[in-house]
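Visitor: First residue of the sequence shown? That's 27 in our numbering, and the numbers climb one at a time after it. Ideal placement from N, C-alpha and C gives every residue a C-beta, glycine not left out.
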Amino acid sequence: MIIAVVLLSISVLILFLYIIFILKQLKSINKQLDKRLIENTRQPLNIELFNKTITNLSKNINRCLKLEEKRRLESINDQKQFKELISNISHDLRTPLTSIKGYQQLLEKTPLDKHQVQLLKTAQKYTDELGLLIENFFEYSYLVTAKTEPNFKKININNLIVECVLSYIAILEEKNLNVNIKETPPVFVLGDKNMLIRIIENLLNNCAKHSLGDIDIKIEFLQNAKITFTNPINQDTNINVDKLFHRFYTSDSTRNKSTGLGLSIVEFLVKQMDGNVGAYLNKTDHTLSIFFEIPLFK
């Protein structure tokens, strides 16, 4: 009886120690996985305990990690090739477009009758629209594939908006548009300055294209900073605000030639900074408001 108890105790002790060793090995696996994530290493898992089940588990995890690494490298290579393709196409399109503009400039210096001048202006208008479409397309394609991380800094959004409006003043004056900025206390946000400049410029450009009157900019802050651009529009314009930020969306294909890429770029950049975009249509005073929200600096 005593021998049986002793043997049972030894068996229990061995089983207990074995369980501890297994738990220790599982803890080691978890620690190695954490290290891979934190230090971004490619070191395979190392198993010290000769247990068939844990060894097979380790082998399967290593195979999965290796396959994931292979896919990641293939994705990086695909992105690199895509960027090169975009760059090559961009060059191939810009070269003939530059030539077209050059010939149009030559035509401006030659004697033309009134009808020919009008035709030339129409051609120049569509050439400029094509150039803008090409630039927006390649910018959007690059942004989506580049996955550039924002450089977060404390930014006075009031001052940045004023700077952008002043740099855009020539285009606004050409279209006889004024910008009214509601005065507020300084609002500091946590964002990427270059991204914010691109967002504000795109929204100003959108207003300059479609506004029938002066542009109002309002800055608000609660949990986040909210910047709203409001401008009057044609009361007959049919706008679906739910689709306004979709690529290539047009409110009216017969009158509105906007590709929607400018607002798609705005949405993409805002979301890169953990923000949000939206729009609403006021049918009473026929105004369109487009806003973006980004985190406040805390």
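(1) Under a three-way DSSP split, which group does isoleucine 245 fall into?
(2) So valine 191 and leucine 230 are in contact, right, with Cβ under 8 angstroms, and what is the actual spacing, rounded?
(3) From isoleucine 291 to isoleucine 225, what distance separates their C-alpha atoms?
(4) Quick one: what does DSSP say lysine 252 is sitting in, helix, strand or coil?
(5) Would you check if the distance between the CB atom of valine 296 and the CB atom of isoleucine 245 is smaller than 8 angstroms?
(6) Is proline 211 helix, strand or coil when you go by DSSP?
(7) Check whether the Cβ atoms of serine 237 and leucine 289 lie closer than 8 angstroms to each other.
(8) Can you tell me which residues form a DSSP beta bridge with valine 303?
(9) Pair every Cβ in the region 164–184 with every Cβ in the region 121–140, then say whether three or more of these pairs are closer than 8 angstroms.
(10) With distances taken Cα to Cα, identify the nearest neighbour of aspartate 118 among Phe178, Ile29, Gly157, Leu216.
(11) Out of Thr153, Arg97, Glu134, Thr136, which has the shortest C-alpha to C-alpha gap to proline 122?
(12) With 16 as the cutoff for other CB atoms within 10 Å, does aspartate 218 come out buried or exposed?
(13) Could you tell me which of Leu41, Glu165, Leu222 sits nearest to asparagine 185, measuring between CA atoms?
(14) For proline 122, which beta-bridge partners are listed by DSSP?
(15) Beta-carbon within less than 7 angstroms of aspartate 300's beta-carbon, same chain only, minus the 5 sequence neighbours each way: which residues are those?
(16) So the candidates are Asn260, Lys235, Leu83, Asn302; which of them puts its Cα closest to the Cα of lysine 151?
(17) Round the Cβ separation of lysine 109 and tyrosine 168 to the nearest angstrom and send it over; I've been treating them as touching at under 8 angstroms.
(18) In the DSSP output, which residue or residues are listed as bridge partners for valine 205?
(19) Hey, how far is the Cα of cysteine 233 from the Cα of isoleucine 102?
(20) Over the uninterrupted alpha helix (DSSP H) stretch that includes asparagine 185, give me the two end residues.
Guide: The answer reads as follows:
(1) Residue numbering aside, residue 245 sits at position 219 when the sequence shown is read from its first letter. The answer is strand: DSSP assigns isoleucine 245 an E or B state.
(2) Position 165 of the sequence shown, counted from the start, is the residue given in the question as residue 191. Position 204 of the sequence shown, counted from the start, is the residue given in the question as residue 230. That pair is a contact at about 7 angstroms.
(3) One-based indexing of the sequence shown puts residue 291 at position 265. One-based indexing of the sequence shown puts residue 225 at position 199. Straight-line Cα distance between these residues: approximately 8 angstroms.
(4) Translated into positions along the sequence shown, residue 252 becomes position 226. It is a strand residue.
(5) Along the sequence shown, read from residue 1 onward, the residue named residue 296 stands at position 270. Along the sequence shown, read from residue 1 onward, the residue named residue 245 stands at position 219. No, Cβ-Cβ distance for valine 296 and isoleucine 245 is not below 8 angstroms.
(6) In the sequence shown, residue 211 corresponds to position 185, counting from 1. Of the three classes helix, strand and coil, the one that applies to proline 211 here is coil, per DSSP.
(7) Sequence index remark: in the sequence shown, residue 237 carries index 211 (1-based). Sequence index remark: in the sequence shown, residue 289 carries index 263 (1-based). Taking 8 angstroms as the Cβ cut-off, serine 237 and leucine 289 do not qualify as a contacting pair.
(8) Working through the sequence shown from its first residue, we reach residue 303 at position 277. The partner list for valine 303 (beta bridge, DSSP) reads Phe318.
(9) no
(10) Within the sequence shown, the letter at position 92 stands for residue 118. Considering only alpha carbons, the answer is Gly157.
(11) Taking the first residue of the sequence shown as 1, we reach residue 122 at position 96. It is Thr153.
(12) Here residue 218 is taken as the residue at index 192 of the sequence shown, counted from 1. With 16 or more other Cβ atoms within 10 Å, it is buried.
(13) In the sequence shown, residue 185 corresponds to position 159, counting from 1. Out of Leu41, Glu165, Leu222, Leu222 has the C-alpha closest to the C-alpha of asparagine 185.
(14) The residue labelled residue 122 in the question sits at position 96 within the sequence shown. Paired residue(s): none; proline 122 is not in a bridge.
(15) Residue numbering aside, residue 300 sits at position 274 when the sequence shown is read from its first letter. Only Pro321 meet the Cβ criterion.
(16) What you label residue 151 is simply residue 125 of the sequence shown in a count that begins at 1. Comparing Cα positions, the closest option is Lys235.
(17) The residue you call residue 109 lines up with position 83 of the sequence shown. The residue you call residue 168 lines up with position 142 of the sequence shown. 7 angstroms between Cβ atoms; contact.
(18) Counting from 1 along the sequence shown, the entry for residue 205 is found at position 179. Valine 205 pairs with Ile241.
(19) Against the sequence shown, residue 233 aligns to sequence position 207. Against the sequence shown, residue 102 aligns to sequence position 76. The straight-line gap from Cα to Cα measures roughly 37 angstroms.
(20) The residue labelled residue 185 in the question sits at position 159 within the sequence shown. Element bounds for asparagine 185: 183–193.
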